[in-house]
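K.L.:
Okay, handing you the structure first.
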Amino acid sequence: MSGLDTERLVLAGGSLGIAQACLDAVLPHIDTRKQFQRSIGEFELIQGKVADMYTAVQSTRSYLYAIARSADGGSISRKDCASVILLAAENATQCALQAIQIFGGAGYMNECPAGRFLRDAKLYEIGAGTSEIRRYLIGRTLLSDIRSRKL
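All the letters of the sequence shown, read from the start, carry residue numbers 2 to 152 under the numbering used here.
Below you can see the structure in the form of structure tokens.
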């Protein structure tokens, strides 16, 4: 495993942390924020957003842990490292965008952590190779694997 592969694997953990922080910030808010004499968490669209965030966090965590276990065992591929950071970074960005949306106008203010989460999450889509480079690397490797019948 190259240094860049290790970096991608480690950075995926940071992205996961941001996605989890978004969910952690939103959950108490949807219970305490009232709209039309109801908690906003009672609205189906808010429940859907939170469900999507939860699913993104859990799927990212599972995939990251699986790739990390492979790395610990000495079996890791560049494709897997690029894939896990691609998933983790884009999920973190989506969770941050949803958090801003759920917080409403306050989510855009500097006093709300959601804006910081978005700035931080977006960096993970750029560092250690952009999302476009990661997709290129994954696609190129898959094509090479099928041509050599490794897939």
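Glycine included, each C-beta is placed from N, C-alpha and C at the ideal position.
How close, in whole Å, do the beta carbons of Thr94 and Leu119 come, if the pair is a contact with beta carbons under 8 Å?
P.N.:
At roughly 7 Å, the Cβ-Cβ gap stays under 8 Å, so Thr94 and Leu119 are in contact.
K.L.:
Since Ala89 contacts Leu17 with CB under 8 Å, what's their CB separation in whole angstroms?
P.N.:
Going by Cβ atoms, the distance from Ala89 to Leu17 rounds to 5 Å, so yes, they are a contact pair.
K.L.:
In the DSSP assignment, find the alpha helix (DSSP H) that holds Ile31 and state where it starts and stops.
P.N.:
Per DSSP, Ile31 belongs to the alpha helix (DSSP H) from 4-33.
K.L.:
Going along the chain, which residues of its own chain have a beta-carbon closer than 8 Å to the beta-carbon of Leu87, five neighbours each way excluded?
P.N.:
Around Leu87: Ser132, Arg135, Arg136, Ile139.
K.L.:
Quick check on DSSP: helix, strand or coil for Ser71?
P.N.:
Three-state DSSP puts Ser71 in a helix.
K.L.:
For Gln102, name the three-state secondary structure that DSSP assigns.
P.N.:
Helix, per DSSP.
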